[in-house]
Amino acid sequence: MNVKLDSSVISNWFNAVRMMDESNKHKLLDAFWHTQIDAKAWLIENIRPHIKPNSNIYIFGGWVGVLSSMLCQQGLQLNNVFNIDIDPWCKKVGFTICQPFLNNPIRFITCDMANFEYIDSPDIVINTSTEHVSQETYDLWYSKIPEKTLVVVQGNNYFSCDQHIRCTEGVERFCEVNHVVNNLFKGELQNSIYTRYMAIKVK
Ligand SMILES: C[S@@+](CC[C@H](N)C(=O)[O-])C[C@H]1O[C@@H](n2cnc3c(N)ncnc32)[C@H](O)[C@@H]1O
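Heads up, the sequence shown is in my numbering, so the first residue is 28 and it goes up one at a time.
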């Protein structure tokens, strides 16, 4: 997929791995599987035409900030990229992963997506961790997104991963449970293990 990755940023990704204690190294390396990077490149390619200058982008379940750092390498003029995750470890590691963009424009927030209150009005809201949250959490999170916001969601059919509590079979079912019918985009990205789904709509 056609996204730019700066060598200086890739060095920071490796620094984070190098500095990680052995007990957490595998947890961190999971963020760099080719399936993860491809899915994020796929997302960037598809939202690029919708990104206006000075956008505020919110990424929920943003993990250690790989998508945030990839977004900031694309030469887009972004106002804020909020990387929100419930796990405080993500913010700590994310400071190294996203070092060149820390505080401007990337800001890390530790919060349950269900309880999140928007700071600046969002232009784009992204959730790449829809399979990790209950329907109740997802519905509460979705209900708080202001009308007219561009919403981008990803999920998958990787049922056998024990952290996945809300997988779906097929993109149509994925769109239904995530309230993203009547979308601008819906698609499937097959890898050697599972299929990832993505949908984009204006709420
Ligand atoms: C394995 S990771 C990311 C997986 C995702 N498919 C991706 O590629 O970005 C899932 C993340 O969701 C986060 N998460 C789970 N429940 C959450 C919640 N209620 N609010 C915010 N983040 C949450 C976890 O802490 C974890 O960092």
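Cβ atoms here follow ideal geometry from the backbone N, Cα and C, with glycine treated the same way.
Residue environment for VAL180: buried (at least 16 other C-beta atoms within 10 angstroms of its C-beta). Contact between the segment 126-144 and the segment 190-208 is absent, with fewer than three C-beta pairs closer than 8 Å.
The DSSP assignment places complete beta strand (DSSP E) segments of no fewer than 3 residues inside the segment 129-175 at 133-137, 151-154, in order along the chain.
Excluding the 5 residues flanking it on each side, ASN184 has same chain C-beta neighbours closer than 7 Å at CYS194, THR195, GLU196, TYR221, THR222, in chain order.
Check the Cα spacing between ASN107 and each of PHE212, SER148, VAL93: the tightest is with SER148.
When DSSP states are grouped into helix, strand and coil, GLN104 belongs to the coil group. By the Cβ criterion, the segment 95-109 is in contact with the segment 119-129, since at least three pairs of Cβ atoms, one from each stretch, lie closer than 8 Å. Assignment of beta-bridge partners to ARG223 by DSSP yields ASN183, LEU216. Residue pairing by DSSP places VAL178 opposite VAL152, LYS228 in a beta bridge. In this structure, the straight-line span from the alpha carbon of LEU55 to that of GLY88 is close to 15 Å. Shown here, ASN42 sits in a helix according to DSSP, grouped into three states. ILE192 carries a coil assignment under DSSP once its states are collapsed to helix, strand and coil.
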